[in-house]
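Per this note's numbering: the sequence shown = residues 1 to 108.
Glycine included, every Cβ here is placed at the ideal spot set by N, Cα and C.
Keep in mind that this is a model prediction, so the values were computed, not measured.
All remarks here apply to the structure that follows.
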Amino acid sequence: MIYEMRQYRCVPGRLPALLKRFETVTLKLWEKHGIRQAGFFTTLIGESNQELTYFLAWESLAEREAKWVKFMTDPDWMKARAESEADGQIVANIVSQLLAPTAFSSVK
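Right under this line is the structure:
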């Protein structure tokens, strides 16, 4: 199992729009494509309180590539993304890391 940590830094004031998009659209589309989330977090104390951090669980890099491409090219996702950004850009920056659990990790 590998985990992907993704951090989205929002344009100031746009975090609520990002959270709404995940809650009402993105998670349903992930379910459709078999993408498994492993947790969502907002920043309480840190560099910016305009961040969303989440984890995805993947069986392999090949699974990630196949499912992520299908999601990103899904016409429903492209339409929902465009509609949610009608009032302006939501995300200013995305950082993604693919992580492998250590032998002593409680998460495998």
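With 16 or more other Cβ atoms from the protein chains shown falling within 10 Å of its own Cβ, Glu4 counts as buried. At the C-beta level, Ser96 and Arg21 stay beyond 7 Å of one another. Put simply, the backbone Cα of Glu23 is about 16 Å away from that of Phe71. The continuous stretches of alpha helix (DSSP H) do not include Phe40, which lies in the beta strand (DSSP E) extending over residues Arg36 to Thr42. Residue environment: Leu99 is assigned as exposed (fewer than 16 neighbouring CB atoms within 10 Å of its CB, all protein chains considered).
In this structure, Gln37 keeps its C-beta atom at 7 Å or more from the C-beta atom of Leu52.
In the structure shown, Arg81 adopts helical secondary structure according to DSSP, grouped into three states.
For Arg6, the pairing in a beta bridge is given by DSSP as Tyr54 and Ser96.
In this structure Leu44 is exposed. Its beta-carbon is surrounded by fewer than 16 other beta-carbon atoms within 10 angstroms. Contact between Leu19 and Gln50 is ruled out by a C-beta separation of about 11 Å, above the 8 Å threshold.
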